[in-house]
Each structure stands twice: as structure tokens, then as C-alpha cells.
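Peer 1: The structure follows.
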Amino acid sequence: METLLEWARGPIFRGALAFLILGLIRHAVLTCFEIARAVHRAGDKNIPYWALAKATLQWLFPVRKIKDRLLYSITTVSFHAAILITPIFLAGHIILVERSVGIRWWAIPNHLADLLTVIAIVTAIALVIERATARDTRALSRFGDYAIPLLVALPFASGFLVMHPAINPFPYTATLLTHVMSANLLFILIPLTKLSHCVLLPTTQVISEVAWHWPPRAGSEVAVLLGKENERI
Amino acid sequence: MSAMEVKTGKYSYYVEAKSQQIADRPRKFLEAFAAILDRSNYGLALEAYARLGSKCSRCASSCQLYMTTGDERDIPCRRSNLLLEVYRRYFTAAGQWRARLTGGFVLTDEYLDLMAEEYYRCTACRRCKMLCPLGIDHGLITHLARWLLAEVGIIPKALLVAVREQLEGVGNTSAIPVPALKDTCEFLEEEFRDIYGVDVKFPIDVEGAEYIFFPAVSDYLLEPDTLMGNAAVMHVTGGSWTIGTGNYDGINYGLFYSDRMMERIVYKMVAEARRLRAQKILVGECGHATRSAWFVPTFCGREGPQVVNFMQYTARALREGRIPLKGKVIEERVTYHDPCNIARSGRITEEPREILRAICTDFVEMFPNRTENLCCGGGGGTVSIDEIRAFRTGLMGKKKAEQIRATGAKIVVAPCANCKKQLREVCEDNGLADVQVVGLHDLLLKAIDFGVEKPAGENGS
């Protein structure tokens, strides 16, 4: 078990982290390249960037959007805040990074980290329950839509138990292994699934606008490709 | 929804018989899809939407159809997923590998029929985009899906016939020949003389005018008051304008089913502007005509003529004090309907309100409004499909009727030919028969002070 843990914390973690970073960089670079290419091809290059930036910021910090579907919005905003803040600003994580690469940053108090962790777990479960009980979301959802929030909650639940051995009913090493491996799994899944919205969300408002800006003669050229340029209506 | 769970449905709208005879539709659909992805910028959006769609269904709470039906099929995300499923399967590497390994989704005739039904249950009003955290534009997907369906012959007959008449027939969607246009304009000029005692002109084929006028051509048949209001504004402001006999129709149903057709109609409009050496295109009171004309820079680059909606012209003239008014002569309660095609993007929301506040004593807003307005229920060209009136005014228009009723207004101003037709039917079918639906310039006409003491035809007309 100890050897396995060393592997999980060592090469597997480094590989998963590299996959995450390179995967997200690839998404970001390709998406920006495709946006630039689309704008370059567009007949009308007048893109309302300021309005799009405003819309993007409104969704990145959705304070004004909470009133719509209040319960769901509160759940999802709390969920995102908790899962972003906790792992990055947890003192234990920062110490590990400092030991490894020699840099450190400001940490949140452990009791706040505990609170955020509980929020992450509770809201992840709540998201699944809300999805399963609301008629419209239930109709749309597949296995992955339920599994992903629970999978995101797993490193938080195991991490909480690692931090609180007194209430942990499982062996410490097994719990830590679960924590590290579930995080590794998430790192790999983020670039491959809809979780990639963590880097792509800032681009979607622009994408939805630029997609309406077609190249000049796009319609005529489609007609030629389809052999319909002389076809009667 | 699993792609395998589709049900074959008969379309709710008429299609031409020849479209039923097209063979091998799935292959042709995919060929058209590949061609469109190659030549347009839709692929950019589809790639992001297919990857990120989280199906949180916030969009459902914004859709006036879903609010009324509560039917899962009317959730915007679910509808969009129909096309995204095809995209994922045939145009992404992951989808192709998955198909090789597990078989999975295959595009069939039945699936096309399902899309044909579903994508004409959406008016492409784009309200749901406002509530999507990921910014997914379901209206864009409806727009694209309809184009793809059109390439395999699935087009509502009402839209197809109108476009055919415009591009291959008389030259406009209402099949109004030039002599009839001239007769109508002369008749309206006589009306001005008889009713108001002023000599207002509808200039025809004037070369070098600043503006060339493109109303929804149906206004010449159905909305004379709107046209008279337009002409009155040009008269009192001394505007330089003309109507071109080569093309006098702002309607562009290509917007509703095919970018190929839309492009041809925009070129036709620009060609007429260039023939008469007009500097700017002045679009009448019509939402979709304005939005279509806003695509002039897309198709013609920066060299294309500037596009101005008539309300923008009028509001500016009013601000500059160039429209003499008798005052706030409209005393009945008035409310304003924001046409989706000009308001959703926020491009035209304040101009009509400025004008209405200047002429109405009791102007009230309906809620929600401006960019968050509810569609009239006949958007996306569905207003022209008479055979779905019960759907349009019942399921799609119910929330709009409630919105109008809540204002207590007896006059609804809708500066759009399609919205006006739809709202009149919505009012008729929802117990609001006493509500009058009019254009903005219809009301403004009543308030303009022509400076004539005694109308010439007052006693005789």
C-alpha cells in the first residue's frame, strides 16, 4: 500500500498533472487560434468585444444571475467557489508544492478549508439530487452528468478524512491513496470531458458571437460544393 | 435523448410534394453539413457546444414554450442536442472512434423527420442564450439545423414559396408587381392630401438619394398607416430617400431556413442600392428584415451600404428637434413589444421608447422587456406558417398574451410586420380582442404637426 501511495504521489501525480496542464493549454491555444481564424475569415470583423467581455465576466462572477433558479444557482455557485478555492489555498497543499518546487503562496485557515470542503461535498451531492429530482434536468441527463459531480466530490471527501483522522473510519493510507488517486483521475478527466469548461468558459460568449460572422459568399460556396449553384428554388 | 429513441412524426407544416421524393436524405444531410462546416464559422461553435454542454437546463426556465407546455421536448438544450449528436458522431474524432467500437448512433430518415419537427417548434428568439452559463446560443443551432434540413428538402412551404417569389418570381415575397406598388404609393399620397392636407411624396427610383427604403413588402398591402408614418417622417425632416422599383422588399426568409438564400436576398438588396447610388439602406418596421440587413457587412464587407432601421432615423430626428409634434396626443394606455431580432442583442431598444414617450401620455412597459423580452411567438418565420396557428397563438403565444394582459394596455406597438401579424392573432385567440396592435409610425403619424391650419380634404373626404 505504501509503495502504491508513493507511486500515486510521485510519477502518477506528475503524469496526471502534466496531462492536465498540457491538455488545458492545448484547449486554450486551439480555441483561441480557431476564434482568430474565424474572425480572419469573417466578412464582418466588427465584433462587440466589450459587450462580450461584460457578458463573460457576468458569468464568471454570476452574482446578478443568481436570482434565476435560485436554489440551483446558489448550489452551483457555492460548489464552484469551494472546489476552486480549497485545493489551491489549502495550507497542506501549499507546503507540498513548496517542498517540491520551492514556491509558496497565501493559505486559507484550516477551519475555513474544512468549511469549504464540506460545502464542496454537500453541494456536489445536492447537484446530483437536484438533477435527478427536477423533471427537466432528469430528462436531459445521462450517467456522466451524475457521475462527474460525485467524482469531483471524492477527493474532497477523502481529503477531509485525511485531515481529520479522529473521525476517519478507514485506514489512513487507504484514505490518502483514494484522495491522491481520485485527484489524479480528475486531472486526466478535466481536459477530456465537459470539465474543460474551466478554461473554455471565458471563450464561449465570444465563440457564440463569432460563429454568426460568416465568411463572405459562404452560402454561394456551399452551393458550389453541393453542386446546387444553378438549382432552381 | 438517445439517438435511438426517435419517433417518426408527420410534420406540423406543409412541405412541397417534390421534397418528399428526395432519396438518400441522411447522406445528403451529412454532405451538406460537411460543406457548411468547411465554408462557415459554425464549426467553431459546434465544437465548443458539443464539448461543454452541461445540460443544466437553466435554459428551460427562459423558454416561453417550455413554460407553457412543460414538455421535455421543448427544453432548448434537449433540442440543440439533436444536432450536436449528429455533429459528435460524424464530425469529431471521438465520435467516429466510438462508432467503430460500439456502433451507436446512425443518422436515419426518422431522425431527420424528428429534427424537422423540433427545429420548427423553436422561434430562434435566442432568449435562452441569456440564461445559459456557458453562453450556448440555441438559436444559432436552430438556425443551422434548419439550413441543413433545407438542403434535404425539408422547408415549410410558406417560407419556400415566399423566397421563390422573391428570387425567381415577381421579385418580392408578396408578389406585388411594380405597377401595383406605384398605384399604392400614389393612393397613399392622395390620402395625405385628403386627410392631412399635405403633399407628402413616396419618391420612386430617385438616383443618388441618401436612403433607399426597404420595408417588409407586405406593408404595402397590410400596413398603410405604418408606411404613411414613415413617409411623414421623411417629409417633415426633409429626408432624402427613395423606393427602388428593382427591389422594394426588405423581407428575407433566408434568415429562417437557409444562409444560401439569405445571402442571395442580401445581395439583391445591395444591388438595388448600388443601382440607384443610394448611400444607406433604410429598413422599415420589421425585426427580421433589419437583422438580415445587418448582415450586409458580412456579405459585402465594409464597402457595403450602411444599414439604418427606421426607428433609429426617427429617434435621431426627434432628438434633434426635426419632427414637429402636436404633443402627447395618444391618450390610451400604450405598451411596447420588443421584436427579438432587433432587441435581443440590445441594438434597438431605447429609440422606440424615446418616440413613444414623446407622443403618449400613458406608456407602460411589459415585463420582461428589452433584451429579455418574450418573443411574440411567431418568430423564426413560423408566423407565416398558417397551418400552425393554434400552436403559435396557444402554446407559443400564451405567455405573451399574459404579458400584454398584465399591462392593461389597449394599444400594443410592435415595430415589425411579423410580430404585428402574430400579436393580432395572439390577441384574437387569447381573449384580448379589444387590444389593438399597431406599428410605431402609425401612432407617430397621429402626433406629427404638419403645420397645416385646415386640411384641404377635411370636408370632402
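Residue numbers (my numbering), protein chains in the order written: chain A, 34 to 266; chain B, 10 to 470. We put the CB at the ideal spot given by N, CA and C, even for glycine.
Please confirm if Leu140/B has its CB atom under 8 Å from at least one CB of chain A.
Peer 2: Along the second sequence, read from residue 1 onward, the residue named residue 140/B stands at position 131. By this cut-off, Leu140/B is an interface position.
Peer 1: What's the C-alpha gap between Val96/A and Thr36/A?
Peer 2: On the first sequence, residue 96/A is found 63 positions in, with the first residue counted as 1. On the first sequence, residue 36/A is found 3 positions in, with the first residue counted as 1. Looking at the two C-alpha atoms, the distance is approximately 46 Å.
Peer 1: Using a Cβ-Cβ cutoff of less than 8 Å, which residues in the same chain neighbour Ala302/B once the five nearest sequence positions on both sides are dropped?
Peer 2: As a first step, residue 302/B is located in the second sequence; it is residue number 293 there, counting from the start. If we look at Ala302/B and ignore the five residues flanking it on each side, its Cβ neighbours are Phe223, Gly259, Asn261, Val275, Met278, Ile290, Val292, Val316.
Peer 1: Run the CB neighbour count on Tyr22/B, radius 10 Å, all protein chains shown included, and call it buried at 16 or more, exposed below.
Peer 2: Taking the second sequence and counting its residues from 1, the one referred to as residue 22/B is at position 13. Buried: at least 16 other Cβ atoms inside 10 Å.
Peer 1: Going by the beta-carbon positions, is the gap between Tyr220/B and Ile185/B smaller than 8 Å?
Peer 2: To locate residue 220/B, count along the second sequence from 1; it is residue 211. To locate residue 185/B, count along the second sequence from 1; it is residue 176. It is not a contact, given that the beta carbons lie outside the stated cut-off.
Peer 1: When we look at the beta-carbon of Met34/A and count the other beta-carbons within 10 Å, is it buried (16 or more) or exposed?
Peer 2: Here residue 34/A refers to the residue found at position 1 when the first sequence is read from its first residue. Exposed, by the Cβ-count rule.
Peer 1: How about Trp245/A: is its C-beta nearer than 8 Å to some C-beta of chain B?
Peer 2: The residue given as residue 245/A occupies position 212 in the first sequence. Trp245/A counts as touching chain B.
Peer 1: So what does DSSP say about Phe46/A, is it helix, strand or coil?
Peer 2: Walking along the first sequence from the start, residue 46/A turns up at place 13. Phe46/A falls in the helix class under three-state DSSP.
Peer 1: Three-state secondary structure (DSSP) at Lys419/B?
Peer 2: Numbered from its first residue, the second sequence carries residue 419/B at position 410. Reduced to three states, the DSSP call for Lys419/B is coil.
Peer 1: When burial is assigned at 16 or more other CB atoms within 10 Å of the CB, is Pro202/A buried or exposed?
Peer 2: Here the question's residue 202/A lines up with position 169 in the first sequence. Classification of Pro202/A: exposed, given that the 10 Å Cβ count is below 16.
Peer 1: Could you tell me how far apart the beta carbons of Leu50/A and Ile223/A are, in whole angstroms, since I believe they sit closer than 8 Å?
Peer 2: In the first sequence, counting from the first residue as 1, residue 50/A sits at position 17. In the first sequence, counting from the first residue as 1, residue 223/A sits at position 190. Not quite, the Cβ-Cβ distance comes to about 11 Å (not below 8 Å), so this is no contact.
Peer 1: For a quick check, are the C-beta atoms of Leu259/A and Ala280/B less than 8 Å apart?
Peer 2: Position 226 of the first sequence, counting from 1, holds the residue named residue 259/A. Position 271 of the second sequence, counting from 1, holds the residue named residue 280/B. Contact flag unset, no.
Peer 1: Quick check on DSSP: helix, strand or coil for Ile84/B?
Peer 2: The count along the second sequence starts at 1 and reaches residue 84/B at position 75. Coil at Ile84/B, not helix or strand.
Peer 1: How should Ala251/A be labelled, buried or exposed, when 16 other C-beta atoms within 10 angstroms of its C-beta is the threshold for buried?
Peer 2: Numbered from its first residue, the first sequence carries residue 251/A at position 218. By the neighbour-count rule (16 or more Cβ atoms within 10 Å), Ala251/A is buried.
Peer 1: Specify, as a first and last residue, the run of the beta strand (DSSP E) that Thr344/B falls within.
Peer 2: As a position in the second sequence, residue 344/B is number 335, starting the count at 1. Its beta strand (DSSP E) spans residues 343 to 345.
Peer 1: Measure how close the beta-carbons of Ile413/B and Val422/B come, nearest whole angstrom, since I'm counting them as under 8 Å.
Peer 2: Here residue 413/B corresponds to residue number 404 of the second sequence, with the count starting at 1. Here residue 422/B corresponds to residue number 413 of the second sequence, with the count starting at 1. Not confirmed; about 11 Å, so no contact.
Peer 1: Give every residue of the same chain whose Cβ lies closer than 8 Å to the Cβ of Met214/A, excluding the five residues on either side of it in the sequence, and list them in chain order.
Peer 2: Stepping through the first sequence from its first residue, residue 214/A is reached at position 181. Excluding positions up to five away in sequence, the list reads Ala41, Ile45.
Peer 1: What residues from chain B crowd round Arg102/A, counting only those whose CB sits closer than 7 Å?
Peer 2: Residue mapping note: residue 102/A aligns to position 69 of the first sequence, counting from 1. Result: Arg67, Ser70.
Peer 1: Distance cutoff 8 Å, beta carbons only. Does Phe376/B sit that close to anything in chain A?
Peer 2: Along the second sequence, read from residue 1 onward, the residue named residue 376/B stands at position 367. Closer than 8 Å: no.
Peer 1: Given a threshold of 16 other Cβ atoms within 10 Å of its Cβ, counted over all protein chains shown, does Ala197/A qualify as buried or as exposed?
Peer 2: Here residue 197/A corresponds to residue number 164 of the first sequence, with the count starting at 1. In the sequence on display, residue 197/A carries His and not Ala. Result: exposed.
Peer 1: State the DSSP-derived secondary structure class of Thr77/B, mapped to helix, strand or coil.
Peer 2: Here residue 77/B refers to the residue found at position 68 of the second sequence. Thr77/B falls in the helix class under three-state DSSP.
Peer 1: Identify, in the order they occur along the chain, each residue of the same chain with its Cβ nearer than 7 Å to the Cβ of Leu149/B, setting aside the five sequence neighbours on each side.
Peer 2: For the purposes of this step, residue 149/B is identified with residue 140 of the second sequence, where counting begins at 1. For Leu149/B, where only same-chain residues beyond five positions count, the Cβ hits under 7 Å are Ala54.
Peer 1: For Asn318/B, which of helix, strand or coil comes out of DSSP?
Peer 2: The residue labelled residue 318/B in the question sits at position 309 within the second sequence. Three-state result, Asn318/B: strand.
Peer 1: With a threshold of 8 Å between beta carbons, is Ser89/B in contact with chain A?
Peer 2: Numbered from 1 along the second sequence, position 80 holds the residue referred to as residue 89/B. Cβ-Cβ to chain A under 8 Å: no for Ser89/B.
Peer 1: Hey, how far is the Cα of Gly448/B from the Cα of Ala171/B?
Peer 2: Locating residue 448/B in the second sequence gives position 439, counting from the first residue. Locating residue 171/B in the second sequence gives position 162, counting from the first residue. So the two alpha carbons sit approximately 23 Å from each other.
Peer 1: Within 8 Å of any Cβ in chain B, is that where the Cβ of Ala186/A sits?
Peer 2: Position 153 of the first sequence holds residue 186/A. Not closer than 8 Å to any Cβ of chain B, the Cβ of Ala186/A fails to qualify, so no.
Peer 1: Could you pull the start and end residues of the beta strand (DSSP E) that Gln445/B belongs to?
Peer 2: Numbered from 1 along the second sequence, position 436 holds the residue referred to as residue 445/B. 445 to 447 is the span of the beta strand (DSSP E), which, as asked, contains Gln445/B.
Peer 1: Let me make sure I understand the geometry here. Which of Gly52/B, Thr323/B, Phe319/B has the alpha-carbon closest to that of Glu67/A?
Peer 2: Counting from one through the first sequence, the residue named residue 67/A turns up at place 34. For the residues Gly52/B, Thr323/B, Phe319/B, the minimum Cα distance to Glu67/A belongs to Gly52/B.
Peer 1: Contact criterion: CB-CB distance below 8 Å. Does Leu173/A meet it with respect to chain B?
Peer 2: The residue labelled residue 173/A in the question sits at position 140 within the first sequence. Yes - at least one Cβ of chain B is within 8 Å of the one on Leu173/A.
Peer 1: Please report the Cβ distance between Val392/B and Gln431/B, rounded to the nearest whole angstrom; I am assuming they are in contact, meaning their Cβ atoms lie under 8 Å.
Peer 2: Working through the second sequence from its first residue, we reach residue 392/B at position 383. Working through the second sequence from its first residue, we reach residue 431/B at position 422. With 8 Å as the limit, Val392/B and Gln431/B qualify as a contact, their Cβ atoms being about 4 Å apart.
Peer 1: Kindly indicate which three-state DSSP category Thr251/B falls into: helix, strand or coil?
Peer 2: By one-based count along the second sequence, residue 251/B stands at place 242. The answer is strand: DSSP assigns Thr251/B an E or B state.
Peer 1: How many angstroms separate the CA atom of Asp214/B from the CA atom of Glu177/B?
Peer 2: The residue given as residue 214/B occupies position 205 in the second sequence. The residue given as residue 177/B occupies position 168 in the second sequence. Looking at the two C-alpha atoms, the distance is approximately 22 Å.
Peer 1: Any beta carbon of chain B sitting closer than 8 Å to that of Thr170/A?
Peer 2: The residue given as residue 170/A occupies position 137 in the first sequence. Yes, Thr170/A counts as interfacial toward chain B.
Peer 1: Could you check if Leu453/B is buried or exposed, using at least 16 other CB atoms within 10 Å of its CB as the buried criterion?
Peer 2: Counting from 1 along the second sequence, the entry for residue 453/B is found at position 444. Classification for Leu453/B: buried.
Peer 1: Determine the burial state of Asp47/B: buried for a count of at least 16 other Cβ atoms within 10 Å of its Cβ, exposed for fewer.
Peer 2: If you number the second sequence from 1, residue 47/B lands on position 38. Exposed is the call here.
Peer 1: Does the distance from the C-beta atom of Ile457/B to that of Val209/B stay below 8 Å?
Peer 2: Position 448 of the second sequence, counted from the start, is the residue given in the question as residue 457/B. Position 200 of the second sequence, counted from the start, is the residue given in the question as residue 209/B. Not in contact: Ile457/B and Val209/B (Cβ atoms no closer than 8 Å).
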